[in-house]
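Numbering (the working numbering), first residue to last: 96 to 771.
Just so it is clear, CB atoms sit at the ideal spot from N, CA and C, and this is done for glycine as well.
Model, not experiment: these values are computed from the prediction.
Contents: one structure, followed by commentary.
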């Protein structure tokens, strides 16, 4: 009898524990991400006390269950909010890690495990993508390679494969699909540069970067839309994967950014003159890297401004970015500005291999991820960041959403062990305007070669007989006036005319010398900053919710853009989550003598800092989005020359610790299913 009563007491205690203790269980709010109607835990660790859905009894989550994608019901509290029978999804932490989401690493892994079945790997990663009907869903491509052209590239891969003694000896990019911006010249393939005047131009040679891609086994899938001759900040015909109807993809590399941001492709090569890779990457939730000026050869790209043009990368993954850098960097005899980053070899082989590893960005990045520092709570310990003051931010037209995101990133950096130092950089607006003045004069000279006769235009005109009479009567008049006027877009004509006026005004002064003086002044200022800190932290763009130009032309913006002045911060914002199109709003108090107006050229106010000086810069997505327009949020880092590894270390730590890949993937799923 005593034993029976004892069992009853134990049973009652057990039932109390089952129903009472779970309610008192605390679950950390940072472990939970709200998606749609459910609460999905991305980082719920094994060992937390949870109630099983089926067993209805209290247990710790075993490791073998934690590593599966399984759903459970939880009772307890999230902060002060009581939850009961909400569905949680326990995800493997490594599922969205940078290493597991790297396409290049995944293809490499599949090749090594394929037992020499290279055909199966190529069909999985190349042919399926080419045949996918959603390949050009966002109108990203100006030209998609045909199947015969793809198979021709695959045949060359087989030749490389036969020459290698083992699978591990295959080139770094073997079987990796890549897209190019349509101002990078490719042999026997159309390169339009986004302009009608080059609609039939077919390159007679491969640019240096294309040669390196092919040599390392990459397969080019297509060429993407851009603003005409890379002049502009809104590739209007391209759709943003996070909001197809309203949001802009930025420019000029909008086509690449939309394709990469939608996860259709994962690696792209572009150009960056004043932010052409970084701004689109910011607006499409990608990583946008502008390397050190001269690190990658520019030979074979259609030039805009020779002083600031670089090859930029838009990718989804930090490791993919590091491998591409390792492949593309190096001295090129065809580009006098290219840098020789290889150090002199030593006689000993062991020392030589060690030297190669020390120059290998991908190897050093993996080494950092395996370090104890990265695994700790403070992966950015001993990393110093400078930031701009609130007072200076408001003079650079920063709106409320961008300001709050900037403050949040500062908090995250501090939580991860980074040291923050306030160092202001003045006169960015002046530098931005001067950059445009200089660019207009340079592009006026560069585009003078495109006169309607060169690059395939004359043949097309003759066949159509469109200008036949004019050509026979007055060739010069036709070339200079009719062809360029009819076939150049408004943006290009504006800059060409502006460049002509500026050149004639400064005919007694060498504008290039002025540019070099200003560049040296800014360079000296940045060198002084980098003697104190490792990175300069900046917003990617000053305004949030950048709308597409096509939407702008057909909408009444006065109804949705009512400026309201925040007296506390001195920053202009509006009630509708700042989805203003960034037109001529005054963002400084009226009695301020330095009052200036925002215009479309000010989009690059934060990106031109690295462009003018030639310093490397990166845009990193935060995994968060604006409420109304679902525009991705991001931030930008600038560092000292040839410190691309440092930028990628911060990007790796931030994306990994803040679960950026998971958040972006969930956002894309919600947009595609229409549940946002």
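- Using a Cβ distance threshold of 7 Å, residue 347 and residue 371 count as a contacting pair.
- The residues 526, 704, 707, 708, in chain order, have a CB closer than 8 Å to that of residue 617 in the same chain once the five nearest residues on each side in sequence are set aside.
- In the three-state reduction of the DSSP assignment, residue 279 falls in the strand class, which pools E and B.
- The three-state secondary structure of residue 318, taken from DSSP, is strand.
- Restricting attention to alpha helix (DSSP H) runs no shorter than 4 residues, the segment 330–394 encloses them at 349–356, 373–378, ordered along the chain.
- Assigned with DSSP and collapsed to three states, residue 517 falls in strand.
- Here the segment 625–644 makes contact with the segment 487–498; the two share three or more CB pairs at distances below 8 Å.
- In this structure, residue 191 sits away from residue 730, with a CB-CB distance that is not shorter than 7 Å.
- Taking the Cβ atoms as the reference, residue 224 lies roughly 7 Å from residue 230, within the contact range of under 8 Å.
- With a cut-off of 8 Å on Cβ pairs, the segment 294–312 is not in contact with the segment 593–606, counting fewer than three such pairs.
- DSSP places residue 256 in the helix class (H, G or I) of the three-state scheme.
- Inter-segment contact for the segment 321–328 and the segment 200–209 is absent: fewer than three beta-carbon pairs are separated by less than 8 Å.
- Sequence-distant partners of residue 590 (beyond 5 residues in either direction) whose C-beta falls short of 7 Å from its own C-beta, in its chain, are 326, 535, 538.
- Taking the Cα positions, residue 340 is about 18 Å away from residue 236.
- When the beta-carbon positions are compared, residue 748 and residue 419 stay at least 7 Å from each other.
- Within its own chain, the residues whose Cβ lies closer than 8 Å to the Cβ of residue 227, once the five positions on either side in sequence are excluded, are 359, listed in chain order.
- Looking from the CA of residue 532, the closest CA among 596, 336, 221, 352 belongs to 596.
- Its Cα nearest to that of residue 629, the residue 732 stands out among 193, 373, 732.
- Around the beta-carbon of residue 254, fewer than 16 other beta-carbon atoms lie within 10 Å, marking it exposed.
- Here the C-alpha atom of residue 212 lies approximately 26 Å from the C-alpha atom of residue 457.
- Per DSSP, residue 749 is not a residue of any beta strand (DSSP E); the alpha helix (DSSP H) it occupies stretches across 739–752.
- A direct Cα-Cα distance of roughly 26 Å separates residue 305 from residue 702.
- Separation of residue 507 and residue 430 (C-alpha to C-alpha, rounded to the nearest whole angstrom) is 41 Å.
- When secondary structure is reduced to three states using DSSP, residue 729 falls in the strand class.
- Linking residue 238 to residue 284 through their CA atoms gives a straight-line distance of about 9 Å.
- Nearest C-alpha to residue 479 among 487, 270, 513: 513.
- Counting every other CB atom within 10 Å of its CB across the protein chains shown gives residue 623 a total below 16, marking it as exposed.
- The C-beta distance from residue 303 to residue 427 rounds to 5 Å, short enough to fall under 8 Å.
- Nearest Cα to residue 699 within the set 299, 329, 261, 268: 329.
- With contacts defined by Cβ atoms closer than 7 Å, residue 727 and residue 720 form a contacting pair.
- Under the three-state reduction of DSSP, residue 535 is assigned to helix.
- When DSSP states are grouped into helix, strand and coil, residue 711 belongs to the coil group.
- Cβ-Cβ separation between residue 354 and residue 240: approximately 14 Å, too far for a contact (criterion under 8 Å).
- Here residue 216 carries a helix assignment [DSSP, helix/strand/coil].
- For residue 757, the secondary structure class from DSSP, reduced to helix, strand or coil, is helix.
- For residue 455, same chain residues with a beta-carbon under 8 Å away, outside a window of 5 residues either side, are 421 in chain order.
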